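So the sequence shown is numbered by this note's numbering: it starts at 66 and just counts up by one.
Yeah, the Cβ is synthetic: ideal placement off N, Cα and C, and Gly gets one too.
Just so we're clear, the structure is a prediction, and the values are computed from it rather than from any experiment.
Here is the structure we will look at, set down as structure tokens.
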Amino acid sequence: MSAHHGHSHDHSHSHDHGSGAGAHRGLVSRGAESQRLKWVLIITALFMVAEIVGGLLSGSLALLADSGHMFTDAAAIGLSLFAMRIAQRPPNTKRTFGYVRLEILAALVNGATLLAIAGLIVFEAWQRLRDPVVIDGTIMLSVAALGLAVNVAGAFLLHSHAHDNLNVRGAYLHVLGDLLGSVGAIAAGIIVLTTGWTPADPIISVVIALLILFSAWKLVREATDVLLESVPSHVDMDGVLAALASIDGLDDVHDVHVWTLTSGFVAISAHGVIDDPIEHSRVLTEVRELMASHGIDHVTFQIEMRRLYQIPSVQAVP
66 MSAHHGHSHD HSHSHDHGSG AGAHRGLVSR GAESQRLKWV LIITALFMVA
116 EIVGGLLSGS LALLADSGHM FTDAAAIGLS LFAMRIAQRP PNTKRTFGYV
166 RLEILAALVN GATLLAIAGL IVFEAWQRLR DPVVIDGTIM LSVAALGLAV
216 NVAGAFLLHS HAHDNLNVRG AYLHVLGDLL GSVGAIAAGI IVLTTGWTPA
266 DPIISVVIAL LILFSAWKLV REATDVLLES VPSHVDMDGV LAALASIDGL
316 DDVHDVHVWT LTSGFVAISA HGVIDDPIEH SRVLTEVREL MASHGIDHVT
366 FQIEMRRLYQ IPSVQAVP
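Pasting the structure below:
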């Protein structure tokens with residue numbers, strides 16, 4: 066909620082640099098995330114070759130789909146690493162926020178790639194159901210079992226960072242999709258070996274594709290929300306406005322904007338009016354503390370003095 070006022074006033078501006086520490090901590094923590102991504106990239110690339118060979122030899126769609134997904138995983142993880150490295154470059158006069166948004170762009174690209182992969186798997190599965198092929202269940206099962214171990218290791222390395230970093234989550238979802246693919250390939254391999262029923266392979270592939278589709282859509286939606294500078298999902302905007310309104314001596318809070326710059330960096334900017342300039346420091350301290358309690362550490366708050374605050378017109382903005 067915000068309102069724009071035509072007025073003349075004395076500007077008093079506060080930029081809470083407590084958030085700067087949070088931002089620097091986030092960049093430092095990227096070092097651990099970067100190392101984990103490197104290890105996942107290495108094991109993914111090594112196994113990708115084995116899975117492609119296994120898929121071609123066995124004729125398994127589940128393995129071929131999974132190996133293709135492994136290739137996109139390597140590209141996705143590489144993209145995440147690249148974005149993470151560039152995002153740590155310092156701000157400059159042209160890009161005052163630096164390059165941190167590249168991580169969100171990388172997450173969006175990875176999510177869109179996952180959507181495309183899910184669609185391709187469903188299409189190929191339909192083709193296999195219409196025109197079944199002979200599958201070597203033994204090779205399929207062996208390679209899928211090895212793939213499961215690789216993907217479990219990759220998911221374990223990335224899991225702890227996937228909840229609070231969209232960029233890492235994009236790479237994690239690629240790995241998780243492969244893990245599901247390996248589980249599906251194992252299940253299909255067992256069914257083919259025990260019953261000879263080859264349609265199990267494309268059917269299981271479709272189930273896996275739907276699971277990937279759901280996770281990918283959520284990632285794309287969240288990345289898009291960040292790029293549109295929507296209020297973060299964990300921030301209660303009504304609660305934020307109520308908290309600001311509860312500060313003694315602070316009136317007419319307006320032009321309130323809350324957004325996420327990148328994962329772990331939530332900011333707010335707002336204006337408010339006070340009567341006594343002596344209250345300036347106290348009000349700003351309360352604003353900072355209350356916003357921190359709502360998960361907002363980067364605060365830019367402009368205080369205006371009522372004695373010079375003239376309002377010839379008021380126009381509400383939804």
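- As computed with DSSP, residue 338 is found in a beta bridge with 316, 369.
- Cβ atoms of residue 176 and residue 284 come within 8 Å of each other, at about 4 Å.
- The residue among 182, 195, 253, 225 with its C-alpha nearest the C-alpha of residue 239 is 182.
- The beta carbon of residue 328 is closer than 7 Å to those of 168, 229, 230, 231, 232 in its chain, skipping five residues each way along the sequence.
- When C-beta atoms of the segment 293 to 312 are compared with those of the segment 355 to 368, three or more pairs fall below 8 Å, so the two segments count as touching.
- For residue 172, the CB contacts under 7 Å within the same chain, skipping 5 residues up- and downstream, are 231, 232, 234, 235, 284, 288 in chain order.
- In this structure, residue 325 lies near residue 291, with their beta-carbon atoms less than 7 Å apart.
- Note on residue 216: 16 or more other CB atoms within 10 angstroms of its CB, so buried under the neighbour-count rule.
- With a cut-off of 8 Å on Cβ pairs, the segment 198 to 218 is in contact with the segment 244 to 263, counting three or more such pairs.
- For residue 311, no alpha helix (DSSP H) segment is defined, and its DSSP state is neither H nor E.
- For residue 196 and residue 178, the gap between their C-alpha atoms comes out near 27 Å.
- Annotation: the continuous alpha helix (DSSP H) that includes residue 345 extends over 345 to 358.
- One Cα belongs to residue 339, the other to residue 319, and the distance between them is close to 13 Å.
- Taking 7 Å as the cut-off, the beta carbon of residue 270 is found closer than this to the beta carbon of residue 186.
- For residue 109 against residue 142, the beta-carbon gap comes to about 7 Å, under 8 Å, which counts as contact.
- Take residue 371, set aside five residues on each side of it, and the residues of its chain with a beta-carbon closer than 8 Å to its own are 316, 338, 339, 340, in chain order.
- When secondary structure is reduced to three states using DSSP, residue 136 falls in the helix class.
- Taking the Cα of residue 103 as reference, the smallest distance to any Cα among 220, 180, 189 is reached at 220.
- At a Cβ-Cβ threshold of 7 Å, residue 299 and residue 98 do not count as neighbours.
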